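Trainee: The structure is given below, and queries will be raised subsequently.
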Amino acid sequence: MGTDNDFASYTAEYETVQHVRHTVTVPLGADTYDILIGPGILTDLAKDLTSTLAAPRYMIITDSNVADYLGVDLIRLLRQSGARVELLSFTAGEESKNMDTIVELARKMVDLGADRQTAILALGGGVVGDMAGFLASIYMRGIPLVQIPTTLLAQVDSSVGGKTGVDLPEGKNLLGTFYQPVRVYADIGVLATLPRAEIRNGLAEVVKYGMIQGRELFDFLEEKWRDILNLEPDVTGRIVFNSCSIKAGVVSADEREGDLRRILNFGHTVGHAVEAAAHYRIPHGEAVSMGMVVVSRISAAKGLMPQKDLERLCGLLDRLQLPCRIPTGLRAEGLMNLLRHDKKARSGRPHFVLSKGIGQILITDDVSRKELAAAIEASRG
Ligand SMILES: NC(=O)c1ccc[n+]([C@@H]2O[C@H](COP(=O)([O-])OP(=O)(O)OC[C@H]3O[C@@H](n4cnc5c(N)ncnc54)[C@H](O)[C@@H]3O)[C@@H](O)[C@H]2O)c1
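Be aware that the sequence shown starts at 141, since it is given in the working numbering, and climbs by one per residue.
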């Protein structure tokens, strides 16, 4: 049983712990930027920001949840350091990711007197990052952008690489730009308030990085899965660092989504079909998890991927509380029809990112309907 004394000593000890911090540089010529990763990064943000990007004004763009959790503290920290800063928020959720919200935010910025020197701080998950990034890219033909991702998915994926955008009623992310931030601050500590389901969305992407290029990352996930589920700060920092390093390598070699960047879609083509077939009632991370299993089954059936690697993938997903099986209600025929209409399909033929074993991939459109149907059937249940 703990006593007040125990608690006091624990707290004191905790405060003296120096956590590991990492930096990933995304090398994009004149657009090169750093991603700072680690617990407590936000505490130093005000000082760091004003020395990296001394803008005369900052607009924090965030959503209604993150405004309460973090926005108020961030604005206080920045104002204490003498920065001129305002906070603009919109209702949290994918439903807000549209042009109406963009126009509303832009008009508020005009009202507040934001000019070409004003910088946008995108504080939130992927929805905030995509929208604030899009707005930064078009407001007065482009103003500086800083990404402060607050979900695991945003830290390992959406804040890196410069894709911005909004949805149309006809589909997700149909309007958008490529626009790089000047810096990314990924504070691991902010993930403590994130709902479990959101953590799983991010973990599916982390497993994906392990599958496409990160054999060592995959081994680390297998070894540390318990610490990962508990969001142990240094372990979480390390997986964000490894994930960002892999994504940075891919996007710097292929900034505008040519062939190489397609490897980042591992599990996603089938995952998107699963999400659509389930009318978006299956969360993105779970759908990607199922998608990775389906393409790995195709790979194993083609003799590309060792069977034991398929088993390791399913074992890891299971430990990370991600599904390996597609609900029986989703039929192979329906999923295959959706795949034919995937927006990334070329000439109506979906491309598949297959696996040659953990850490190695292969892009091909050489997957027959029969092979796909068999892999989906084997994954249902
Ligand atoms: N640009 C890219 O390359 C890219 C890549 C992948 C996904 N995306 C986009 O990202 C979006 C999904 O992002 P997401 O999964 O982060 O969703 P999200 O931004 O909707 O965040 C999920 C939920 O978590 C809440 N939240 C955020 N941070 C929190 C915190 N620290 N504590 C408590 N709650 C918090 C949010 O308010 C929201 O309710 C999609 O729109 C997708 O299209 C973009």
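Glycine included, every Cβ here is placed at the ideal spot set by N, Cα and C. Nothing here was measured: the structure is a model prediction, and the numbers come from that model.
(1) Please name the residue in Leu263, Thr202 and Pro196 whose C-alpha comes closest to that of glycine 222.
(2) Spatial neighbours of threonine 192 within its chain, please: C-beta separation below 8 Å, excluding the five flanking residues on both sides.
(3) Among Asp184, Leu218 and Asp208, which has the Cα closest to the Cα of methionine 199?
(4) Please determine whether the Cβ atom of aspartate 270 lies at a distance below 7 Å from any heavy atom of ligand 1.
(5) Please report the residue range of the beta strand (DSSP E) in which serine 191 lies.
(6) Are there 16 or more other CB atoms within 10 angstroms of the CB of glycine 398, so buried, or fewer, so exposed?
(7) Return yes when the Cβ of isoleucine 501 is within less than 8 Å of the Cβ of isoleucine 379, no when it is not.
(8) In whole angstroms, what is the alpha-carbon distance linking lysine 364 and alanine 246?
(9) Consult DSSP for valine 160 and reduce its assignment to one of helix, strand or coil.
(10) Alpha carbon to alpha carbon, how far is histidine 162 from aspartate 327?
(11) So within the region 179-258, which uninterrupted alpha helix (DSSP H) runs reach at least 4 residues, ignoring any that extend past its ends?
(12) Tell me whether leucine 293 counts as near ligand 1, meaning its Cβ is closer than 7 Å to at least one heavy atom of that ligand.
(13) Could you tell me which residues DSSP puts in a beta bridge with glutamine 287?
(14) Mind checking methionine 141: buried by the 16 CB within 10 Å criterion, or exposed?
(15) Are any of the Cβ atoms in chain D nearer than 8 Å to that of aspartate 307?
(16) What separation, rounded to the nearest whole angstrom, lies between the Cα atoms of threonine 156 and alanine 186?
(17) Would you check whether ligand 1 has a heavy atom nearer than 7 Å to the C-beta of glutamate 415?
(18) Have a look at glycine 474 and glycine 455 and give me their C-alpha separation to the nearest angstrom.
(19) If you reduce the DSSP assignment to three classes, tell me which class glycine 350 lands in.
(20) Measure the Cβ-Cβ separation of valine 166 and valine 300 and say whether it is below 8 Å.
(21) Short of 6 Å in beta carbon distance, which residues of its chain neighbour alanine 518, apart from the five on each side in sequence? Order them along the chain.
(22) Under three-state DSSP, which class holds leucine 331?
(23) Are there three or more Cβ pairs, one per stretch, closer than 8 Å when the region 489-508 is compared with the region 329-349?
(24) If we count the other Cβ atoms within 10 Å of its Cβ and call it buried at 16 or more, is asparagine 477 buried or exposed?
(25) For the beta strand (DSSP E) that serine 519 lies in, which residues bound it at each end?
(26) Can you give me the C-alpha to C-alpha distance between asparagine 370 and arginine 340, rounded to a whole angstrom?
Mentor: In short, the structure shows the following:
(1) Ranking the options by Cα distance to glycine 222, first place goes to Pro196.
(2) Cβ neighbours of threonine 192 beyond the five flanking positions: Val322 and Arg323.
(3) Comparing Cα-Cα distances from methionine 199 to each of Asp184, Leu218 and Asp208, the minimum goes to Leu218.
(4) Indeed, a heavy atom of ligand 1 lies less than 7 Å from the Cβ.
(5) Careful: serine 191 lies outside any beta strand (DSSP E), inside the alpha helix (DSSP H) at 185-192.
(6) That one is exposed.
(7) Going by C-beta atoms, isoleucine 379 is not nearer than 8 Å to isoleucine 501.
(8) Going from the Cα of lysine 364 to the Cα of alanine 246 covers about 44 Å.
(9) Coil at valine 160, not helix or strand.
(10) Rounded to whole angstroms, the gap between the alpha carbons of histidine 162 and aspartate 327 is 11 Å.
(11) The qualifying runs are 185-192, 212-220 and 239-251.
(12) Correct: leucine 293 has its Cβ closer than 7 Å to ligand 1.
(13) Beta-bridge pairing links glutamine 287 to Ala262 and Val324.
(14) Caution applies to methionine 141, whose pLDDT of 34 falls short of 50 and renders its modelled position unreliable; the value that the coordinates give is listed next. Flag for methionine 141 reads exposed.
(15) Judged by its chain identifiers, the structure shown contains no chain D, having just a single protein chain.
(16) Residue confidence for threonine 156 is low, a pLDDT of 49 falling below 50, so the modelled location carries little weight and cannot support an answer.
(17) The answer is no for glutamate 415.
(18) In this structure, the straight-line span from the alpha carbon of glycine 474 to that of glycine 455 is close to 27 Å.
(19) Three-state DSSP puts glycine 350 in a helix.
(20) Yes.
(21) Result list for alanine 518: Arg437, in chain order.
(22) Three-state result, leucine 331: helix.
(23) Counting Cβ pairs under 8 Å, fewer than three are found: no touch.
(24) By the 10 Å Cβ count, asparagine 477 comes out exposed.
(25) Run containing serine 519: none in the beta strand (DSSP E); it sits in the alpha helix (DSSP H), 509-519.
(26) If you take the alpha carbons of asparagine 370 and arginine 340, they lie about 12 Å apart.
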